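> Let me give you the structure first, and then I'll get to my questions.
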Amino acid sequence: MTRTRPASPFVVLALCLSTVLVTACDGGAQPKSDQPGPPADGATADTLPDELLLESAPEGAVAVATAKRSAQPGEMITVRGRVGGRKDPVLAGRASFLLADPDQIAACDSRDDDECPTPWDFCCEPKEKITANTITVQVADDKGRALKLDLGALTGIEPGSFVVVRGKVGPRPDPNALVISADAIYVE
Amino acid sequence: MRTLPWEYGIRNLGRSPGRLALGVLGSGLVVLLVLAALAFVRGMGASLAGSGGASNVILLGAGSQESVERSEVKPGVAGIAAGSIPGIRERSGVPYVSPEIHVASLVRLAEDGDRTYLVNFRGVEPTAFLVHDQVRIVEGRAPGVGEVLVGKLAAVRMGVPDERLAVGRKIVLDENEWTVSGRFEAPGTVMEAEIWCQLSDLKIATRHENLSCVVLTFDEGEDLSEAEIFTQRRLDLELVSLRESDYYGKVDAFYAPVRAMVWITAILVAAGAFFGGLNTLYAAFSARVAELGTLQAIGFSRGALLASLVQEAVLTSAAGSLLAAAVALLALDGLAVRISMGAFGLRVDGPVMAAGLATGLVLGVVGTIPPAWRCLGMPLSGALKSG
Numbered sequence: 002m003t004r005t006r007p008a009s010p011f012v013v014l015a016l017c018l019s020t021v022l023v024t025a026c027d028g029g030a031q032p033k034s035d036q037p038g039p040p041a042d043g044a045t046a047d048t049l050p051d052e053l054l055l056e057s058a059p060e061g062a063v064a065v066a067t068a069k070r071s072a073q074p075g076e077m078i079t080v081r082g083r084v085g086g087r088k089d090p091v092l093a094g095r096a097s098f099l100l101a102d103p104d105q106i107a108a109c110d111s112r113d114d115d116e117c118p119t120p121w122d123f124c125c126e127p128k129e130k131i132t133a134n135t136i137t138v139q140v141a142d143d144k145g146r147a148l149k150l151d152l153g154a155l156t157g158i159e160p161g162s163f164v165v166v167r168g169k170v171g172p173r174p175d176p177n178a179l180v181i182s183a184d185a186i187y188v189e
Numbered sequence: 141m142r143t144l145p146w147e148y149g150i151r152n153l154g155r156s157p158g159r160l161a162l163g164v165l166g167s168g169l170v171v172l173l174v175l176a177a178l179a180f181v182r183g184m185g186a187s188l189a190g191s192g193g194a195s196n197v198i199l200l201g202a203g204s205q206e207s208v209e210r211s212e213v214k215p216g217v218a219g220i221a222a223g224s225i226p227g228i229r230e231r232s233g234v235p236y237v238s239p240e241i242h243v244a245s246l247v248r249l250a251e252d253g254d255r256t257y258l259v260n261f262r263g264v265e266p267t268a269f270l271v272h273d274q275v276r277i278v279e280g281r282a283p284g285v286g287e288v289l290v291g292k293l294a295a296v297r298m299g300v301p302d303e304r305l306a307v308g309r310k311i312v313l314d315e316n317e318w319t320v321s322g323r324f325e326a327p328g329t330v331m332e333a334e335i336w337c338q339l340s341d342l343k344i345a346t347r348h349e350n351l352s353c354v355v356l357t358f359d360e361g362e363d364l365s366e367a368e369i370f371t372q373r374r375l376d377l378e379l380v381s382l383r384e385s386d387y388y389g390k391v392d393a394f395y396a397p398v399r400a401m402v403w404i405t406a407i408l409v410a411a412g413a414f415f416g417g418l419n420t421l422y423a424a425f426s427a428r429v430a431e432l433g434t435l436q437a438i439g440f441s442r443g444a445l446l447a448s449l450v451q452e453a454v455l456t457s458a459a460g461s462l463l464a465a466a467v468a469l470l471a472l473d474g475l476a477v478r479i480s481m482g483a484f485g486l487r488v489d490g491p492v493m494a495a496g497l498a499t500g501l502v503l504g505v506v507g508t509i510p511p512a513w514r515c516l517g518m519p520l521s522g523a524l525k526s527g
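Protein chains in written order, with this note's numbering: chain L, 2 to 189; chain B, 141 to 527.
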C-alpha cells in the first residue's frame, strides 16, 4: 500500500502568506496618486528667434520703474533691469521672466552681512514694493503666447542677471501689470 | 551537511504549547506594531497624494505656498483666470474654475452646549464639484444658503459619533445655526474630513473679503505652465501657481517629523519586545543544551542544529505574523485617524503587508542566532553533562 506524504508545513505556510498578501493587494480603492500620471505638458519645444540675442546693449534704455509708470500699450520700449522679483523669476520651459528695478528695491546681496541664497527675490522688501517695481518680459509667438523653450539655457539669462530688453508693450489691465514682448535682449 | 528532519522541529514546537503560544503572540504583537506604523505612514501619504488632482492647478496668494488658509486672492481672480488662461477644461460652457475659501474654525453642535470643535471649512461654488472629481455626494444634496455638506470623516476629525453630523442635524458657526444638507465621500483625500458650504455664506460668516485660492482643471494634454505664465503676466494680482499635487506634496513634507516620530516609537517598542524575546529564547535553548549535545554526539553538525532551531523560530514568528496580518486587515485597514490637518484612514495594502511579514520572518532568523550560538558553542562534553 502506498503511503501518502502530508503536505510540507513549509508549503502550507507559504500558501497562507501568499493568500494574505494577495488579499491585501486586492483591497481598497486606488488613490488618485496610483492613477496615470499628469498629462504631458505641452507639445514639442519652440526655437529661439535668431535675431533675439544682441552683441551690445540697445540705446535709450529706461529703468523698470520708469517704464511701469509711463509705458503705453502698443509702444516700443527699451528697458534695463535685473532678473528677479521672485525666488524663481525665470519660468522653466517657457520664454518668460521677471525683470526688477535694482535702483528702487534693494537686493539682499547689497548688504554685507546678508548671506541670502536667492538675493534676486528682494525678499527683504515689502511685497507691494516688489510688485510696483517689477515687470514681465516674454518672447512670444505671433499669437502672443510665450515660446515653449528653456530661455535660461539658450540665452544665459539667469536669476540675478542684468539685462536690457527691447520690445512691444502689451495690454495693461492694471497699472501694476506690464508685459513686454521682447524682440531683442542683451545680457550684460 | 546532514540536516535534522523537518518534522523534528515541528514536534519540538508542540513540546511546550504554552511557550509556543507566547512566542506566537509575542512575535505577532511586534509585527502588528510594525504594520500599524506602516499603515499610518501609508495612509497619511496616500490621503495627501490623493488630494491633488492630476490636471489641477491651484492659484494662491504670493508668499502663501505653504498654507492655503493664510493665502489671500482677490475675488475677481476666478473670472480673470477663466478668461485669460488657455487650456482650462469646460463642460457646457462652464469652465472648471473653483474659487474657494479655506478656514479652520471652531463650531458647536446645536445640542451640545458650549463645547467647541475645530473643523476645516471650505466655502465653494458649484464648480468645485467639477474641479474636485474625487468628491461624491452620498446622502442628501449640495448645500444651500445656511447649509453645510459634511465629509465622511468630519465626525472623526471632530471626535464625535458619526450620527451627530447626520443629515438634518445642526452645527453652530459664528452664532448661526447651519443645517447638514448632505454627506459626501472623497476616498483617500483630505477633503473627506472637511465641511463644505456655499462660498458666499462662508465669506459673510468669517468676514473674508478675499478668497483663499482658485483651483483650475486643465484639459488632458494641455500645458499647465499656462497658469504660471498668467501669474507672471498679471503681477498686479500677486499670485503664484502650483500643481495641486505639488501643494499637497509640501503639506506632506510638513508632516515628515510626525511620521518620523511614529517610526521611532514603533522601533523602540519593537526593540524592547525583541530583546525580551531574546531573553526568553536564551532560557528555552539553555533547557535543551543536553538534547543538542546528544544530537551532536550522534553526528549532526552544529550547522544542522542551528538550521533546525531557526526553522522552529521562523515557524513561530511566521504564525505570529499571519495572526498580526489578519488583525491588521480586519481591524486597522480604513480605521480613521484624526490629526491637526484633518483625518485620514489607515492603509493596510500590499507593500505594508509584505514589509510586516518580512519583519516577522527576519525576527525569527535574527532572534534565534545569538541564543543558539551561545548554546551550540558549549564544548560537547559540557553539553552532555548538563542534562
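Beta carbons: idealized from backbone N, C-alpha and C, even for Gly. Since the model is a prediction, treat every value here as computed from it, not as a measurement.
Confirm, please, whether the CB-CB distance from B:P511 to B:F425 is below 8 Å.
Result yes, Cβ atoms of B:F425 and B:P511 sit closer than 8 Å.
> In chain B, what lies closer than 7 Å to L:V180 by C-beta?
What L:V180 touches in chain B: R373.
> Contact check, B:V354 vs B:L199 under 8 Å by CB: the rounded distance?
B:V354 to B:L199, Cβ: 4 Å. Contact.
> Starting from L:Y187, follow the beta strand (DSSP E) in both directions and report where the run begins and ends.
Taken as a continuous stretch (DSSP letters only), the beta strand (DSSP E) holding L:Y187 covers 180 to 188.
> Determine the chain L residues that contact B:A202 at a beta-carbon separation under 7 Å, and present them in chain order.
Within 7 Å Cβ-Cβ: K128.
> Please classify B:D341 as buried or exposed, where buried requires at least 16 other C-beta atoms within 10 Å of its C-beta.
Per the 10 Å Cβ criterion, buried.
> Flag B:I225 as yes if its beta-carbon sits less than 8 Å from any beta-carbon of chain L, otherwise no.
Not closer than 8 Å to any Cβ of chain L, the Cβ of B:I225 fails to qualify, so no.
> Does the beta-carbon distance from B:T371 to B:G193 come in below 8 Å?
Cβ atoms of B:T371 and B:G193: not closer than 8 Å.
> Skipping 5 residues on each side, what residues in its chain have a beta carbon closer than 6 Å to that of B:L270?
Only Y236 meet the Cβ criterion.
> Comparing C-alpha positions only, which one of B:N152, B:N316, B:Y148, B:V164 sits nearest to B:G500?
B:G500 has its Cα closest to that of B:V164, out of B:N152, B:N316, B:Y148, B:V164.
> Please report the residue range of the beta strand (DSSP E) in which B:S381 lies.
B:S381 -> beta strand (DSSP E) spans 379 to 383.
> Please classify B:Q150: does DSSP put it in a helix, a strand, or coil?
Residue 150 of chain B is actually Ile in this sequence, not Gln. If DSSP states are grouped into helix, strand and coil, B:I150 belongs with the helices.
> So, does the CB of B:I369 fall closer than 8 Å to a CB anywhere in chain L?
Closer than 8 Å: yes.
> Just how far apart, CA to CA, sit B:L449 and B:M401?
Using only the alpha carbons, I get a separation of about 35 Å.
> Report the three-state DSSP secondary structure of L:P39 (helix, strand or coil).
Any reading at L:P39 must be qualified, since the residue scores a pLDDT of 35, below 50, and its modelled position is unreliable; the value itself is stated next. It is coil, neither helix nor strand.
> Have a look at the DSSP bridge pairing and note the partners of L:T79.
Answer is L:R167.
> What is the DSSP secondary structure of L:T67, reduced to helix, strand or coil?
Looking at L:T67 - three-state DSSP - the assignment turns out to be helix.
> Could one say the Cβ of B:W513 lies closer than 8 Å to chain L's Cβ atoms, at least one of them?
For B:W513, the answer is no, since every Cβ of chain L falls outside 8 Å of its Cβ.
> Does any residue of chain L bring its CB to less than 8 Å from the CB of B:S365?
With 8 Å as the cut-off, B:S365 counts as an interface residue toward chain L.
> Looking at the structure shown, is B:A186 part of a helix, part of a strand, or coil, going by DSSP?
Helix, per DSSP.
> If B:V290 and B:S187 are in contact, beta carbons under 8 Å, what's the gap, nearest whole angstrom?
That belief does not hold up - the Cβ atoms of B:V290 and B:S187 are roughly 17 Å apart, past 8 Å.
> Hey, does B:D376 have any beta-carbon neighbour from chain L nearer than 8 Å?
It does: the Cβ of B:D376 has a partner Cβ on chain L nearer than 8 Å.
> Look up B:N316 in the DSSP assignment and give the residues it is bridged to.
In the DSSP output, where bridge partners are listed per residue, B:N316 has B:L313.
> Can at least three beta-carbon pairs, one atom from the stretch 169 to 184 of chain B and one from the stretch 404 to 420 of chain B, be found at a separation below 8 Å?
Segments in contact, yes.
> Assign L:T5 to one of two classes, buried (16 or more other C-beta atoms within 10 Å of its C-beta) or exposed (fewer than that).
Low confidence applies here, because L:T5 scores a pLDDT of 49, under 50, leaving its location unreliable; read the following figure in that light. So L:T5 ends up on the exposed side.
> For a contact meaning CB atoms closer than 9 Å, what does L:A64 contact in chain B?
Here the premise fails: no neighbours, minimum Cβ distance about 17 Å.
> Can you tell me whether B:F484 is helix, strand or coil according to DSSP?
Here B:F484 sits in strand by DSSP.
> In whole angstroms, what separates the C-alpha of L:G29 from that of B:R297?
Unreliable positioning characterises L:G29 in this predicted model, as indicated by a pLDDT of 43, which lies under 50. A coordinate reading is not provided.
> Determine the extent of the beta strand (DSSP E) in which B:S461 is found, giving its start and end residues.
Note, B:S461: premise wrong, no beta strand (DSSP E); alpha helix (DSSP H) at 442 to 467.
> Beta-carbon of L:L92 versus every beta-carbon of chain B: anything under 8 Å?
Yes, its Cβ sits closer than 8 Å to a Cβ of chain B.
> Assign B:E199 to one of three DSSP states: helix, strand, or coil.
The amino acid occupying residue 199 of chain B in the given sequence is Leu; Glu does not appear at that position. Strand.
> Measuring only between beta-carbons, confirm whether B:M401 sits less than 8 Å from chain L.
B:M401 does not count as touching chain L.
> Answer yes or no: do B:E317 and B:A244 have a C-beta to C-beta separation smaller than 8 Å?
In this structure, B:A244 does not lie closer than 8 Å to B:E317 by Cβ.
> Rounded to the nearest angstrom, how far is the Cβ of L:V165 from that of L:L152, given a contact under 8 Å?
Not quite, the Cβ-Cβ distance comes to about 15 Å (not below 8 Å), so this is no contact.
> Where does B:C337 sit, in a helix, a strand or coil, going by DSSP?
Here B:C337 sits in strand by DSSP.
> Considering only residues of the same chain and omitting the five flanking positions on each side of L:A107, which have a CB-CB separation below 8 Å?
The residues are F123, C125, E126.
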